[in-house]
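Remember, our numbering sits 133 above the position in the sequence shown when you count from 1.
Beta carbons: idealized from backbone N, C-alpha and C, even for Gly.
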Amino acid sequence: MNLNSFPRWVGWLWTIGGALAVLGSLVGVTVGWVFIGTVGDAVSDTVGVSRRALVSVGETTRVIDGVFDDVAGSLRDVQTTLADTSLTLTSASVITRNLGDVVTDEVPASVDAVRASLPALIDTASVIDATMRGLSFFGVDYDPDIPLDEAIELIDARLAEIPLLLRGQQGTLDAVASDLGEFSSSTLTIADDLATIRVRLADASVVLDGYGSIASESTGLLDELESNVAQGVRFLRLLLIVVGVGVAATQTVAIAAGLAILRPEPILGPDR
134 MNLNSFPRWV GWLWTIGGAL AVLGSLVGVT VGWVFIGTVG DAVSDTVGVS RRALVSVGET
194 TRVIDGVFDD VAGSLRDVQT TLADTSLTLT SASVITRNLG DVVTDEVPAS VDAVRASLPA
254 LIDTASVIDA TMRGLSFFGV DYDPDIPLDE AIELIDARLA EIPLLLRGQQ GTLDAVASDL
314 GEFSSSTLTI ADDLATIRVR LADASVVLDG YGSIASESTG LLDELESNVA QGVRFLRLLL
374 IVVGVGVAAT QTVAIAAGLA ILRPEPILGP DR
């Protein structure tokens with residue numbers, strides 16, 4: 134087909150249209166290259182932010198888990214101490230109650246028994262005192278400031294106060310024993326509460342371990358996603374270049390045809 138038969142405006146149309154198409158393909162490739170890179174960078178930045186957040190969550194989880202372990206260990210020590218204290222208080226309560234029985238019952242009874250034997254002893258002491266004073270006329274040195282029977286009577290008077298004082302301590306000792314028992318019960322209750330808290334901390338620690346595992350797995354998934362995005366960006370850019378080059382190559386035909394139309398016809402010689 135003779136291209137010179139086409140009007141020149143067709144040549145201009147093909148040439149200019151082809152040139153504009155090539156220029157448009159170059160612009161499209163450039164814009165697409167930048168757009169794909171921007172999208173890839175945005176996805177990469179998002180993945181990076183998410184990864185840092187997951188790393189922070191993992192580190193925070195490990196720190197909190199370590200704190201929980203330390204607190205659980207401290208609570209275990211406190212629980213053991215409170216349990217031992219409860220046993221000690223229980224023993225002290227029993228001892229105090231038994232001591233109350235001894236102090237307010239057995240000791241006063243013993244003192245009363247001693248005082249019951251004192252009247253006879255006073256009579257005997259009176260006889261002994263009279264005898265010793267009678268012997269003083271025969272050279273025996275005996276002149277006490279207080280007669281023997283009166284001294285024993287003073288002892289009896291002082292002993293008489295002891296049972297009253299000891300029996301008066303009954304209420305105080307019973308109250309102390311009761312308070313010790315209550316303290317022991319309260320201490321044991323606190324120890325049980327601490328055991329419950331330790332169980333809950335252990336459960337929370339298990340949950341935190343699960344969160345840490347999920348964060349670690351998610352970090353791996355984000356790394357894989359970032360790698361896939363990078364590969365996708367490279368593939369799209371390569372495809373964009375291929376398409377742009379293909380479009381530009383197809384337009385060279387139109388440009389060549391247009392230039393052929395615009396090319397002036399050769400001048401024929403005389404022999405032609």
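Within 10 angstroms of the Cβ of residue i, are there 16 or more other Cβ atoms? Answer buried if so, exposed if not.
i	result
I250	In the sequence on display, residue 250 carries Ser and not Ile. When all chains shown are included, S250 counts as exposed.
P399	With a pLDDT of 48 at P399, under the threshold of 50, the modelled position of that residue is not reliable, and no figure is offered here.
G199	exposed
Q364	exposed
A293	exposed
R405	The predicted model places R405 with a pLDDT of 43, which falls under 50 and marks its position as unreliable; any figure quoted below should be read in that light. Looking at its Cβ environment, which holds fewer than 16 other Cβ atoms inside 10 Å, R405 is exposed.
L373	buried
L153	exposed
I469	The shown model of the chain, from 134 to 405, leaves out residue 469, and the question about it has no answer.
L306	buried
L187	buried
V338	Before going on, a small fix: residue 338 reads as Ser here, not Val. The residue is buried, with at least 16 neighbouring Cβ atoms inside 10 Å.
S207	exposed
L215	buried
T148	buried
E357	exposed
T383	exposed
T322	exposed
T229	buried
Less than 8 Å between the beta carbons of residue i and residue j, yes or no?
i	j	result
R209	R300	no
S349	G181	no
T237	Q303	yes
T352	G151	no
S259	S317	no
G107	A324	No information on residue 107 is available, as it lies outside the stretch 134 to 405 that the chain covers here.
I169	L369	yes
L327	V235	no
L222	L313	yes
L341	T194	yes
Among the options, whose alpha-carbon lies nearest the alpha-carbon of residue i?
i	options	result
G377	W166, V172 and S346	W166
I197	G345, S351 and L372	G345
D256	G170, S243 and A284	A284
N231	A308, L355, E357 and D202	A308
A253	V375, T229, D289 and T264	D289
R367	G161, T171 and F201	T171
D202	V375, D336 and G343	D336
R184	A205, E359, W145 and R291	E359
T163	A389, V375, A387 and T383	V375
L159	A387, G379 and A263	G379
D242	L298, A387, T383 and A389	The amino acid at residue 242 is misidentified as Asp; the sequence shows Ala. It is L298 whose Cα lies nearest to the Cα of A242.
A205	T329, V240 and W145	T329
Please check the pair residue i and residue j, which I expect to be a contact at CB under 8 Å, by giving their CB distance rounded to whole angstroms.
i	j	result
T320	S224	That pair is no contact at about 13 Å.
L281	I261	6 Å
V176	A381	At roughly 29 Å, the Cβ-Cβ gap does not stay under 8 Å, so V176 and A381 are not in contact.
P296	V244	5 Å
V362	G173	6 Å
Is any beta-carbon of chain C found at less than 8 Å from that of residue i?
i	result
L292	Here there is only one protein chain, and chain C is not present.
Complete alpha helix (DSSP H) runs within the segment 206–286 (minimum length 4 residues, chain order): Counting only runs of 4 or more, we get 240–268.
Segments of 4+ residues assigned as alpha helix (DSSP H) that fall wholly inside the segment 359–383: Within the segment 359–383, no complete alpha helix (DSSP H) run reaches 4 residues.
Of all the alpha helix (DSSP H) runs that stay within the bounds of the segment 148–215, which reach a length of 4 or more residues? DSSP runs (the alpha helix (DSSP H)) wholly in the segment 148–215: none.
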